[in-house]
Each structure stands twice: as structure tokens, then as C-alpha cells.
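Here's the structure, in C-alpha cells; my notes come after.
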Amino acid sequence: MSVSLLQELERQYSPSRWSPRMSADDVIKAHVKALKEGTERARDMAQTLLNVPYGEGDGEKLDVYIPNINSLDVHLVVYIHGGYWQFLSKEESGFIAVPLIDKGVVVVAVGYDIAPKGNMDLMVSQVRRSIVSVVQQYSHISGLYLCGHSAGAHLAAMVLSTDWSQYSITPQIKGAFLVSGIYDLLPILSTYVNEPLKMTEEVAVRNSPSKLVPQLKLSSCSCQIVVAVAENDSPEFRKQSEEFYKTLEASGLNVTMEDVANTDHFSIIEKLVDGEYHLTKLLLKMMGKS
Numbered sequence: 001m002s003v004s005l006l007q008e009l010e011r012q013y014s015p016s017r018w019s020p021r022m023s024a025d026d027v028i029k030a031h032v033k034a035l036k037e038g039t040e041r042a043r044d045m046a047q048t049l050l051n052v053p054y055g056e057g058d059g060e061k062l063d064v065y066i067p068n069i070n071s072l073d074v075h076l077v078v079y080i081h082g083g084y085w086q087f088l089s090k091e092e093s094g095f096i097a098v099p100l101i102d103k104g105v106v107v108v109a110v111g112y113d114i115a116p117k118g119n120m121d122l123m124v125s126q127v128r129r130s131i132v133s134v135v136q137q138y139s140h141i142s143g144l145y146l147c148g149h150s151a152g153a154h155l156a157a158m159v160l161s162t163d164w165s166q167y168s169i170t171p172q173i174k175g176a177f178l179v180s181g182i183y184d185l186l187p188i189l190s191t192y193v194n195e196p197l198k199m200t201e202e203v204a205v206r207n208s209p210s211k212l213v214p215q216l217k218l219s220s221c222s223c224q225i226v227v228a229v230a231e232n233d234s235p236e237f238r239k240q241s242e243e244f245y246k247t248l249e250a251s252g253l254n255v256t257m258e259d260v261a262n263t264d265h266f267s268i269i270e271k272l273v274d275g276e277y278h279l280t281k282l283l284l285k286m287m288g289k290s
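So that you can map any letter, position 42 of the sequence shown is 42 in the UniProt record's numbering, and since no number is skipped, the others follow by simple counting.
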């Protein structure tokens, strides 16, 4: 690949360079600040169970945000954080509970081993096992929903593509919000994103949801899927979402595409702290909570 082509590919896969709000460095700082503040708010509002193990590894822990409503009819949203598989953690991932707690929804933020400690196969295995653990711990879930942002949307799509016959249970996931995700890992192999991940082509192929749609259809045929993309995501990010949406739709899956106006790669998820935000209202509607 020529230098100029690689530079353009790297620019396309650098979401912070596409925000019209502020500079690349500033938008990332503001993003971390917004997520941390939202998570602090959620921790003040909800009862929390922090660092609940779902596996043996140090990084295999969940944070649970529990509403003050005792109900046997529990809707539960599992949130998988972004950060290009190498930044962020569950510690900044409770923010989406802010508008959901009042509605009696339990929120679980999943921790996983980001690179370089974790590789792609491990991260995918971890999020899958976290879902199994949640279902085992909450036997009275009336609806299980997934939400993932960016790298987290990729991991959520991998959860939807799981062959559950290899696990002790088959989770019934009713809905999934895949927000500004990457569904084909091959384009990032030659970019800076892959430096800590060290993926080979083989690893990228087996962990690309776009290549696993037949399995996704088998495992998640009754799941309502929302593929959301920001108006100011890069053309390449927008293409990733549009192509994945079209592939799912062509397979006869229950999928809708949301092109969210006046958002960039970061604000599209930050705004989930707001009960009046378009995606929040859509999520509550999906759960019958609007």
C-alpha cells in the first residue's frame, strides 16, 4: 500500500479527526470527561454492585447498576465500551444508566482485557462469557438488551454471532444497539489501530461480524437490531455501518439503520445520558418503557 493511501486509511479510522466540535485531542479529553461524569451520576442514583467477577481473569468483571424498584420483571441492558480495543474500561461505562434507572432498568457495564494485555480472540471470548454470567445471575430477566459503542459495537455484534451450543446456556437477546461500530476488521490491519492488537488476517476474518452473518442469523434471528451511525462519523465508519446494515437486512433480520443528525463519533454515545435523546427514546421504546 502506498504511503498516501495508508495515510488516508489512517485518517478515515481516526474518529477524533472528524469531529466538527473541537480538535482531535480535545474531543477525546471531552469524551472521557463526559463518560466519567455520567458514570459518577449513575453511581449516585443507583444501587451498585461493582467488580462482580464473570470469569477467573483480573479483567473479567462487571459493574451492575440496580434501580430502587423491586420488580420481578427485569429489563437488563448490557453495555460494552469502546476505545478501539485499547482504551477506556467499565469504570467510565455506567453513564447510560442515568436515564434508564428511573425506568426500572438494570444496567451492566462489562470489563474486558484491552490490548496489549488482551488480544481480539480473548476480548470476544470475554464478552460472550460475560453475557452467559449475567443470564445465570439474573434468572428473572424479562428482556436482555445489548448496547455497544465503536469497538464495543463490534464486540456486541460478535456476541450476536455466537454459536451458543459451546456454552452452558443460550441467552435470549431481545434487542441490540450497535453504535458507530466496525464490523469488518480487515481494513484496519495495516493501520496504527492494529499495532497493540497484532491481528493477523486470519484473526481479523474470524472476528469480523460482517463475515459471520449466517451464524448471527441462526443465533439472533429474533433480536431487534439497531445499527446507528453519526452524521459526522468518517466516510469509512459510515460505510462500515451501512454495509453491515444492508447485509443483515438482506438476510431477513429485524434490523433498522439510524443515521443520527448533529452527532459525531463521540457525542452519539455521550448523549445517552439524556432521556430525551433520540437513541435513548428508541431504546426505551424497544423495552416498552417509553
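Yeah, the Cβ is synthetic: ideal placement off N, Cα and C, and Gly gets one too.
Would DSSP call K285 helix, strand or coil? For this step, residue 285 is matched to residue 285 along the sequence shown. In the structure shown, the three-state DSSP call for K285 is helix.
What separation, rounded to the nearest whole angstrom, lies between the Cα atoms of S142 and D73? If you number the sequence shown from 1, residue 142 lands on position 142. If you number the sequence shown from 1, residue 73 lands on position 73. A straight-line Cα-Cα distance of about 5 Å links S142 and D73.
How far does the alpha helix (DSSP H) with I96 in it extend, from its first residue to its last? Looking up residue 96 in the sequence shown gives position 96. Boundaries cannot be given for I96, as no alpha helix (DSSP H) includes it and DSSP labels it neither H nor E.
In the structure shown, what three-state DSSP assignment does A46 receive? Taking the sequence shown and counting its residues from 1, one reaches residue 46 at position 46. Under the three-state reduction of DSSP output, A46 falls in the coil class, being neither helix nor strand.
Can you tell me whether DSSP reads F244 as helix, strand or coil? Locating residue 244 in the sequence shown gives position 244, counting from the first residue. F244 falls in the helix class under three-state DSSP.
Taking the alpha-carbon of S23 as reference, which of L283, T280, K289, F266 has the nearest alpha-carbon? Along the sequence shown, read from residue 1 onward, the residue named residue 23 stands at position 23. Distance from the Cα of S23 is smallest, within the candidate group L283, T280, K289, F266, for F266.
Where S241 and I28 are concerned, what is the direct C-alpha to C-alpha distance, given to the nearest angstrom? Sequence index remark: in the sequence shown, residue 241 carries index 241 (1-based). Sequence index remark: in the sequence shown, residue 28 carries index 28 (1-based). When the Cα atoms are used, S241 and I28 turn out to be separated by approximately 22 Å.
L9 - containing beta strand (DSSP E), residue span: To locate residue 9, count along the sequence shown from 1; it is residue 9. Not the beta strand (DSSP E): L9 falls in the alpha helix (DSSP H), residues 3–12.
To the nearest angstrom, how far is it from the Cα of A34 to the Cα of H75? On the sequence shown, residue 34 is found 34 positions in, with the first residue counted as 1. On the sequence shown, residue 75 is found 75 positions in, with the first residue counted as 1. Rounded to the nearest angstrom, the two C-alpha atoms are 25 Å apart.
First and last residue of the alpha helix (DSSP H) that includes L216? Along the sequence shown, one-based indexing puts residue 216 at 216. Element bounds for L216: 213–220.
List the residues that DSSP assigns as beta-bridge partners of M257. Within the sequence shown, residue 257 is the residue found at index 257, counting from 1. Per DSSP, the beta-bridge partners of M257 are V227.
Classify F87 as helix, strand or coil using the three-state DSSP reduction. For the purposes of this step, residue 87 is taken as the residue at position 87 of the sequence shown. The answer is coil: DSSP assigns F87 none of H, G, I, E or B.
From which residue to which residue does the alpha helix (DSSP H) around L160 run? For the purposes of this step, residue 160 is taken as the residue at position 160 of the sequence shown. The continuous alpha helix (DSSP H) containing L160 extends over residues 151–160.
How many whole angstroms separate the CB atoms of L155 and I80, which I take to be in contact at a CB cut-off of 8 Å? Here residue 155 refers to the residue found at position 155 of the sequence shown. Here residue 80 refers to the residue found at position 80 of the sequence shown. Yes, L155 and I80 are in contact; Cβ-Cβ is about 5 Å, under 8 Å.
State the CB to CB distance for the pair I173 and C223, rounded to an integer number of angstroms; the pair is presumed to be in contact (CB under 8 Å). By one-based count along the sequence shown, residue 173 stands at place 173. By one-based count along the sequence shown, residue 223 stands at place 223. Separation of the CB atoms of I173 and C223 is rounded to 5 Å, and the pair is thereby assigned contact status at 8 Å.
Between the Cα of M286 and the Cα atoms of F95, N232, G175, which residue gives the shortest distance? Taking the first residue of the sequence shown as 1, we reach residue 286 at position 286. Of all alpha-carbon atoms in F95, N232, G175, the one lying nearest the alpha-carbon of M286 is that of G175.
Beta strand (DSSP E) segments (min. 3 residues) lying fully within the stretch 14–82: Along the length of the stretch 14–82, whole beta strand (DSSP E) runs at least 3 residues long occupy 47–53, 61–66, 74–80, reported in chain order.
If you compare alpha carbons, which of Y145, R17, S161, V108 is closest to S125? Taking the first residue of the sequence shown as 1, we reach residue 125 at position 125. Distance check between S125 and each of Y145, R17, S161, V108 places S161 closest, using alpha-carbon atoms only.
Bridge partners - A176, DSSP secondary structure assignment: Residue 176 sits at position 176 when you count from the first residue of the sequence shown. Looking at the DSSP assignment, A176 forms a beta bridge with L146, I225.
Can you tell me which of the three DSSP states A109 falls into? Your numbering for residue 109 matches position 109 in the sequence shown. In this structure, A109 counts as strand in the three-state DSSP scheme.
Using alpha carbons as the reference points, say which of A157, T48, K36 lies closest to A228. On the sequence shown, residue 228 is found 228 positions in, with the first residue counted as 1. Nearest option by C-alpha distance: A157.
Whether or not the stretch 56–71 and the stretch 103–122 are in contact is what I'm after, with contact meaning three or more pairs of Cβ atoms, one per stretch, closer than 8 Å; do they touch? Touching, yes.
Any idea what DSSP makes of I141, helix, strand or coil? For this step, residue 141 is matched to residue 141 along the sequence shown. Strand.
Provide the residue span of the alpha helix (DSSP H) that contains E202, from first to last. Counting from 1 along the sequence shown, the entry for residue 202 is found at position 202. Residues 201–206.
Less than 8 Å between C-beta atoms, sequence neighbours within five positions excluded: which residues of the same chain meet that for A261? The residue given as residue 261 occupies position 261 in the sequence shown. Cβ within range, chain order: E231.
Whole angstroms is fine: what's the gap from D233's alpha carbon to T256's? Residue numbering aside, residue 233 sits at position 233 when the sequence shown is read from its first letter. Residue numbering aside, residue 256 sits at position 256 when the sequence shown is read from its first letter. Taking the straight line joining both Cα atoms gives about 18 Å.
Can we say the stretch 34–54 touches the stretch 87–100, given the rule of at least three CB pairs closer than 8 Å? The stretch 34–54 is in contact with the stretch 87–100.
Nearest-angstrom Cα distance between S71 and C221? The sequence position of residue 71 within the sequence shown is 71, counting from 1. The sequence position of residue 221 within the sequence shown is 221, counting from 1. Going by the C-alpha atoms only, they are around 28 Å apart.
Cβ-Cβ distance between V127 and V110 below 8 Å: Sequence index remark: in the sequence shown, residue 127 carries index 127 (1-based). Sequence index remark: in the sequence shown, residue 110 carries index 110 (1-based). A Cβ-Cβ contact shorter than 8 Å links V127 with V110.
Give every residue of the same chain whose Cβ lies closer than 6 Å to the Cβ of L50, excluding the five residues on either side of it in the sequence, and list them in chain order. Indexing the sequence shown from 1 puts residue 50 at position 50. Hits under 6 Å: D63.
Beta-carbon spacing of H149, V193 below 8 Å: Mapped onto the sequence shown, residue 149 falls at position 149. Mapped onto the sequence shown, residue 193 falls at position 193. By the CB criterion at 8 Å, H149 and V193 fall outside the cutoff.
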